[in-house]
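Asks: Got a structure for you, questions after.
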Amino acid sequence: MLLERSGLKGSDNKNGFSLLEVMVAVSILAIAIASIFRLYSVSLRGTMKAEKYNRAVIIANSLMDEALAIKDVQDAEGTESFDGGFEAVRTVEKVYEDEDTGSAIYKITVTVTWPPSGSFVITTLRSLNEEEKK
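Residues 32 to 165 (the numbering used here) make up the sequence shown, in order.
Here you go:
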């Protein structure tokens with residue numbers, strides 16, 4: 032009767048991973064991690080862009096509300112700087128005037144810019160009659 036021996040030299044039983052298999056697995060893992068970090072970076076840039084745009088909208092709306100509250104709209108023109116490199120320019124242009132009634136329509140434009148090349152523009156019209164100008 033022959034007894035079979037296991038675990039001796041010459042046995043064809045292979046356990047574990049070869050060096051090549053480990054290197055391939057590590058390479059695949061490294062590529063996956065690099066892709067995840069790239070996606071995170073793109074997402075972060077998008078969030079920063081949205082935050083700057085949102086801040087520009089708030090600044091523009093604030094300056095527009097301020098311009099609409101002033102009796103003499105033409106006094107609302109000017110340039111202002113804000114934290115974070117934001118700069119706002121408010122312009123007022125008379126687009127129509129009725130000499131008979133003394134009423135006029137003004138176009139108010141607020142342009143907010145920020146570095147490196149962002150900008151947001153908001154425009155509205157305001158009508159004033161002779162009594163409101165006083």
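A virtual CB, placed ideally from N, CA and C, is assigned to each residue, including glycine.
1. Nearest-angstrom Cα distance between A81 and E108?
2. What does DSSP give as the partner residue(s) for S112 in the beta ladder?
3. Determine the DSSP secondary structure at I101, reduced to helix, strand or coil.
4. For V120 versus R157, is the C-beta spacing smaller than 9 Å?
5. May I ask which residues mark the beginning and end of the beta strand (DSSP E) holding A135?
6. Cα-Cα, which of F48, I101, T140 is closest to I90?
7. Closest to Y127 by C-alpha separation, out of F48, N160, Y71, F68, would be which residue?
8. At what residues does the beta strand (DSSP E) containing S148 begin and finish?
9. What is the DSSP secondary structure of D131, reduced to helix, strand or coil?
10. By DSSP, does S93 sit in helix, in strand, or in coil?
11. Checking 9 Å against the spacing of the C-beta atoms, do F48 and V88 come in under that value?
12. Kindly say whether Q105, judged by its beta-carbon, lies nearer than 9 Å to any beta-carbon of chain C.
Replies: Taking the structure as given:
1. Going from the Cα of A81 to the Cα of E108 covers about 28 Å.
2. E118
3. coil
4. Contact: no.
5. 134 to 145
6. T140
7. Looking at the Cα atoms, N160 is the closest of the given residues.
8. First-last for S148: undefined, no H or E at that position.
9. If DSSP states are grouped into helix, strand and coil, D131 belongs with coil.
10. helix
11. no
12. This model lacks chain C altogether; it includes just one protein chain.
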